[in-house]
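Notes to accompany the following structure.
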Amino acid sequence: MTTATKWSISGTYFEACNCEIACPCIFLSAPTDEDCTVLIAWHIENGSFGDTALDGLNVVLAAYAPGPMTDGNWQVALYLDQRASESQQAAMTQMFGGQAGGHFEVLGGFIGEILGVSSAAIDFKADGKNRSLTVEGIAAMAVEAIEGGDGSEVTISNNPLGVVPGVPVVVARASRLSYNDHGMEWEISGKNGYYSTFSYEGP
Numbered sequence: 027m028t029t030a031t032k033w034s035i036s037g038t039y040f041e042a043c044n045c046e047i048a049c050p051c052i053f054l055s056a057p058t059d060e061d062c063t064v065l066i067a068w069h070i071e072n073g074s075f076g077d078t079a080l081d082g083l084n085v086v087l088a089a090y091a092p093g094p095m096t097d098g099n100w101q102v103a104l105y106l107d108q109r110a111s112e113s114q115q116a117a118m119t120q121m122f123g124g125q126a127g128g129h130f131e132v133l134g135g136f137i138g139e140i141l142g143v144s145s146a147a148i149d150f151k152a153d154g155k156n157r158s159l160t161v162e163g164i165a166a167m168a169v170e171a172i173e174g175g176d177g178s179e180v181t182i183s184n185n186p187l188g189v190v191p192g193v194p195v196v197v198a199r200a201s202r203l204s205y206n207d208h209g210m211e212w213e214i215s216g217k218n219g220y221y222s223t224f225s226y227e228g229p
């Protein structure tokens, strides 16, 4: 059951996981290590949920999938920008938790357990072909685009599963993926990363 509140957000996102490059999960294949641990970060440049403005806020999702992503049973934890007001946090919880329709409702169908929703200091940086993130005391992530044969970015488009539908993703290498919360501890480097712009709306 989705809310009737109209919303739209746009900005930039990136992710890193424990799969080899390029992560096969977006092609509906099994993760390269049988399970998948992924950290996903969004920086909302412009957006609103009803009358609630969301410009400039960050959101992070940590997810563990015990097998192929489309088999479901994901365990997830959501981290909301501590600068957000109570109404902004409520809006982001509904959107990114899949209760407000749109693409997150589709992804929400794979979630088996929500480990927690919490407020945190989130630092999101995008600089050229580099992306970096810290969630204070919990997580850190950094990726750099892989250079293609002509020196430009390597991209994948029209993949059947993805964080952002309909937008080509840039393939990147993660120099760091670190996470420690809810009994899960990851310290990974040299594995897969993706980034792109995003635009979502609902319901």
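The sequence shown begins at 27 in this note's numbering and counts up one residue at a time. Note that CB positions come from ideal geometry on N, CA and C, so glycine has one too. Everything numeric in this text was worked out from a predicted model, so none of it was measured.
If contacts are defined as beta-carbon pairs under 8 Å, then residue i and residue j qualify, I think. What distance do you get, rounded to the angstrom?
i, j, result
"Ala198", "Tyr226", "Ala198 to Tyr226, Cβ: 21 Å. No contact."
"Ile182", "Val195", "5 Å"
"Trp68", "Gly37", "6 Å"
"Gly209", "Gly127", "Not confirmed; about 31 Å, so no contact."
"Leu54", "Pro186", "6 Å"
Measuring straight from C-alpha to C-alpha, what distance separates residue i and residue j?
i, j, result
"Gly93", "Pro57", "7 Å"
"Leu159", "Asp153", "12 Å"
"Phe40", "Ile140", "21 Å"
"Arg157", "Phe136", "27 Å"
"Thr63", "Ala200", "13 Å"
"Gly73", "Pro50", "31 Å"
"Ala42", "Ile214", "9 Å"
"Ala89", "Lys151", "21 Å"
"Glu211", "Ser204", "8 Å"
"Ser222", "Arg202", "18 Å"
"Ile52", "Ala166", "23 Å"
"Val102", "Val161", "15 Å"
"Ser111", "Asp61", "35 Å"
"Asn184", "Asn44", "22 Å"
"Lys155", "Ser178", "10 Å"
Checking the sheet assignment: what are the DSSP bridge partners for residue i?
i, result
"Thr119", "None, per the DSSP bridge assignment."
"Arg199", "Glu170 and Asn218"
"Leu87", "Ile66 and Leu104"
"Glu71", "Paired residues: none, contrary to the question."
"Gly228", "Trp33"
"Asn156", "Asp153 and Glu170"
"Ala79", "Ser74"
"Asp59", "Asp61"
Spatial neighbours of residue i within its chain, please: C-beta separation below 7 Å, excluding the five flanking residues on both sides.
i, result
"Asn206", "Ile164"
"Thr78", "Ser113, Gln114 and Ala117"
"Ala48", "Ile182, Val197 and Asn218"
If I measure Cβ to Cβ from residue i and keep anything under 8 Å in the same chain, skipping five residues before and after, which residues do I get?
i, result
"Glu46", "Thr58, Lys217 and Asn218"
"Glu71", "Ser36, Gly37, Thr38, Asp81 and Gly82"
"Thr96", "Leu54, Phe136 and Leu187"
"Trp100", "Ala89, Tyr90, Ala91, Phe136, Ile137, Gly138 and Glu139"
"Gly76", "Thr31, Lys32, Trp33 and Ala117"
Residues in its own chain within less than 6 Å of residue i by CB, not counting five upstream and five downstream?
i, result
"Val180", "Ile172, Gly174 and Val197"
"Asp149", "Thr160"
- Query: Touch check for the stretch 109-129 and the stretch 71-91: three-plus C-beta pairs under 8 Å?
  - Reply: yes
- Are at least three pairs of beta-carbons, each pair with one atom in the stretch 171-179 and one in the stretch 126-137, less than 8 Å apart? no
- Query: Does the pairing of the stretch 30-37 with the stretch 186-194 give three or more beta-carbon distances under 8 Å?
  - Reply: no
- Message: Check whether the stretch 102-109 and the stretch 136-151 touch, using three or more Cβ-Cβ pairs below 8 Å as the test.
- Response: yes
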